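Chains as they are written, first to last, in the numbering used here: chain R, 13 to 179; chain S, 237 to 641. Every residue gets a Cβ at the ideal spot worked out from N, C-alpha and C, and that includes glycine. Quick caveat, the model's predicted, so the values are computed rather than measured.
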Amino acid sequence: SGRRVLYSRDSHPADWKQGERASADHPVRFIVALKQQNLNILEDAFWAVSSPDSPRYRQFLTTEEITNLVRPKPEAIAGVRTWLTQAGVKEIVDMGDALEAVTTVSVAEIALNTQFFMFHHQSGNKVVRQFGEYSVPVGLSEHIDLVAGISEFPIVRENPFKKIAAG
Amino acid sequence: DATAVVPQTIQNSYGTPSNHTADPQSSTGVIEFEGQSFAPSDLQNFATQTLTPIKALSSDHIVGPNSPGSAGVEATLDIQYIAAVGRGDTNWFWLEGGTAWLYGFSTHFFNAASTPLVVSISYGWSEAAQCQQGIGGAECSQLGVNSQQYVERVNTEFQKIGLKGVSLIAASGDSGANGRTDGLCTESHLNPTFPAASPYITAVGATEIHDGTPLSNPPPACSGASTCASKGTEAAVSYSQSHFASGGGFSNVASTPSYQKEAVSSYLSSGVTLPPSSYYNSTGRGYPDVAAFGSNVQIYAQGSIQGVGGTSCSAPIFGGVVGLLNDISLSKSGKPLGFLNPLLYKMHSDKPGAFTDVTIGDNHCTEEGCGFGGSCKGFKCAAGWDPVTGLGTPVYSAMAEYVSN
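Written out as structure tokens, the structure is:
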């Protein structure tokens with residue numbers, strides 16, 4: 013109770029094979045993207061500084077000004093920070109409208125109520141990813157856009173050398 | 237096969253300067269994923285063997301877990317060509333070491349204390365498959381995290397980066413209008429590529445040279461397209477010559493932004509043969525915006541000069557041109573150009589000679605589809621903007637004059 017499932021993965025890209033459970037102390041970084049505010053003002057400002065005919069053309073803003081513009085509600089930041097801390101995350105990087113958790117598999121599994129596995133690519137690449145459901149506290153879900161860094165599979169591309177031989 | 241491209245080909249064709257004094261603030265960078273690293277020694281060898289002065293990267297401009305001992309072709313290509321074209325500019329190499337794909341890059345980049353002013357991204361995937369490859373499977377939409385949500389969030393991050401004055405540039409993809417997620421073209425729709433299909437980024441398509449002639453060393457003086465025409469004709473890359481097709485089409489997530497409405501409308505009403513209307517979203521953001529060489533581009537890697545192809549070449553080449561234009565802007569006003577598209581489309585409208593219009597070619601094929609008999613649909617080049625080569629390739633002297641004024 014008290015959890016909302018954000019995603020349930022029951023398959024993975026065909027070129028990756030699911031392996032063993034990830035070791036508990038394997039490092040994991042994930043980013044909780046919080047819902048931003050004033051997105052209409054942000055977009056208006058973007059077009060104003062980018063349009064040559066605008067009186068505000070090239071009147072760029074600073075990182076701090078932009079961050080203050082879109083900053084999520086204080087209760088969203090505090091709530092997500094508390095959730096992560098209580099789950100055992102010791103290092104949290106505040107990115108204004110997102111919080112990045114630097115932790116381990118065991119802590120991430122508690123925070124997100126999920127399981128992490130080792131996935132293997134035919135090229136030899138390996139990646140630790142969650143499989144099955146992951147969830148967040150139901151009271152926080154309305155403040156979260158997405159959780160990034162736990163279920164993405166890297167795109168392993170063909171070496172472009174194969175496309176064209178040297179002239 | 238395709239006529240080979242070296243840095244002098246770009247000078248000769250686009251008129252970029254061989255001698256250039258950069259503004260000290262001007263900087264360009266390439267963004268890498270998938271652990272793609274570069275070797276500074278390769279960059280130095282490339283500079284030596286192509287007779288191209290290139291500034292070495294300082295250690296604080298190499299961000300992320302770069303591993304020179306396992307340099308990748310993509311990263312090698314990107315840094316060599318953005319540096320070779322944007323001569324004198326400070327170069328950055330940014331390897332997004334996390335695993336959060338474009339969202340990870342964009343939020344880390346935005347929050348970094350110091351970043352380059354021009355950024356080239358030679359990566360992309362189906363706009364719809366950000367769900368599958370980026371976040372989850374097809375079923376994820378019912379659970380609150382879906383492809384559109386991911387794309388929209390990244391688009392917001394791109395706005396934040398543009399609002400700081402950074403120019404974002406992306407390759408338009410190497411699998412034609414159909415994209416690579418349906419390589420044999422069995423589905424009844426095209427698959428736009430992200431981030432190229434973002435309205436908040438400048439997307440670059442690929443061209444090849446037809447009837448090229450060898451360059452002498454030093455190359456003959458060349459001040460613009462008219463005097464360079466004898467060096468060959470630029471066309472959109474073709475499957476027969478370059479073995480891939482340039483990405484392009486219309487976003488299913490973002491609507492046509494105002495800066496390109498007129499250009500897109502002109503193309504759609506031009507009478508050019510189009511795919512069936514059900515295959516694409518004619519009210520979506522059209523891409524690419526511009527084009528540059530993307531076929532048989534010579535790099536130094538793994539101990540020798542070798543040719544590579546793809547819009548992965550085109551994006552850093554155009555990025556280097558933007559670095560040069562930023563020099564002018566910074567020198568005159570102390571401000572960079574920022575997000576480029578409204579300026580580029582206005583430039584095309586006010587001064588069409590700032591671009592060489594590429595009117596030959598199409599982007600029908602995927603590598604699998606056209607190599608193994610699949611019947612793929614796509615778009616054709618036309619006069620003016622088209623969803624194969626955008627507004628065309630740079631005529632640097634005219635662009636520089638426009639920006640200067």
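| Item | Value |
| --- | --- |
| Spatial distance of K396 (chain S) from L54 (chain R) (CA atoms) | 8 Å |
| Closer than 8 Å to chain R by CB, E332 (chain S) | no |
| Which of helix, strand or coil DSSP assigns to V440 (chain S) | strand |
| Test item: CB-CB of S306 (chain S) and S273 (chain S) under 8 Å | yes |
| Neighbour flag for G597 (chain S) against chain R, beta carbons, 8 Å | no |
| Residue-level contact to chain R via CB, A481 (chain S), 8 Å cutoff | no |
| Complete alpha helix (DSSP H) runs within the region 39 to 111 of chain R (minimum length 4 residues, chain order) | 51 to 62, 75 to 82, 86 to 99 |
| Cβ pair count under 8 Å reaching 3, the region 470 to 478 of chain S against the region 553 to 566 of chain S | no |
| CB contact below 8 Å: F129 (chain R) versus chain A | Checking the listed chains, one finds no chain A in this structure; the protein chains it contains are R and S. |
| Contained beta strand (DSSP E) runs [length at least 3] in the region 373 to 429 of chain S, N- to C-terminal order | 403 to 407 |
| Beta-bridge pairing of A113 (chain R) - partner residues as DSSP gives them | R:F42, R:I104 |
| Rounded C-alpha distance that separates S642 (chain S) from L627 (chain S) | Since the first residue shown for chain S is 237 and the last is 641, residue 642 (chain S) is missing from the structure and cannot be characterised. |
| Distance between beta carbons of F591 (chain S) and A413 (chain S), contact taken as under 8 Å | Actually they do not touch by this definition, with Cβ atoms about 21 Å apart. |
| Proximity test, Cβ basis, 8 Å: K582 (chain S) and chain R | yes |
| contact_flag[the region 414 to 422 of chain S, the region 79 to 91 of chain R] where n(CB pairs < 8 Å) is 3 or more | no |
| Span of the alpha helix (DSSP H) around N577 (chain S) | 577 to 586 |
| Best match in R:K29, R:T115, R:Q48 for proximity to I156 (chain R) [C-alpha to C-alpha] | R:Q48 |
| H600 (chain S) versus Q534 (chain S) - alpha carbon distance | 26 Å |
| CA nearest to the CA of Q316 (chain S), picked from S:S494, S:P276, S:D447 | S:P276 |
| Beta carbon proximity, Q48 (chain R) to chain S, threshold 8 Å | yes |
| For L573 (chain S), the first and last residue of its enclosing alpha helix (DSSP H) | Counting along the chain, L573 (chain S) falls outside any alpha helix (DSSP H), and DSSP gives it neither H nor E. |
| Beta-carbon separation (whole angstroms), P450 (chain S) vs S487 (chain S), contact threshold 8 Å | The Cβ separation is near 41 Å, so there is no contact. |
| Boundaries of the beta strand (DSSP E) in which S540 (chain S) is found, first to last residue | 540 to 544 |
| Delimiting residues of the beta strand (DSSP E) encompassing K138 (chain R) | 138 to 149 |
| Neighbour list for S35 (chain R) in chain S, Cβ cutoff strictly below 9 Å | Going along chain S, no residue has its Cβ under 9 Å from S35 (chain R), so there is no contact; the nearest lies around 17 Å. |
| Anticipated Cβ contact below 8 Å, R389 (chain S) with L158 (chain R), distance rounded | 6 Å |
| Within 9 Å of chain S by C-beta, residues of the region 150 to 167 of chain R in sequence order | S153, I156, D157, L158, V159, A160, G161, I162, S163, E164, F165, P166, I167 |
| Beta-carbon proximity check, V321 (chain S) vs G545 (chain S), cutoff 8 Å | no |
| Residues near H132 (chain R) by beta carbon distance below 6 Å, same chain, minus five either side | K29, G31, K138 |
| Per-residue contacts from E423 (chain S) into chain R (C-beta, under 8 Å) | Within chain R, no residue comes near E423 (chain S); the closest Cβ sits about 17 Å away, beyond 8 Å. |
| Proximity test, Cβ basis, 8 Å: A636 (chain S) and chain R | no |
| Euclidean distance between Cα positions of A528 (chain S) and A407 (chain S) | 10 Å |
| Neighbour flag for Y386 (chain S) against chain R, beta carbons, 8 Å | yes |
| Neighbour list for L400 (chain S) in chain R, Cβ cutoff strictly below 8 Å | Reading the sequence as shown, one finds Lys at residue 400 (chain S) and not Leu. Going along chain R in sequence order, the residues near K400 (chain S) (Cβ under 8 Å) are F72, L73, T74, T75, I78. |
| Three-way DSSP call (helix, strand, coil) for E470 (chain S) in this model | strand |
| Beta-carbon gap between D525 (chain S) and A439 (chain S) smaller than 8 Å | yes |
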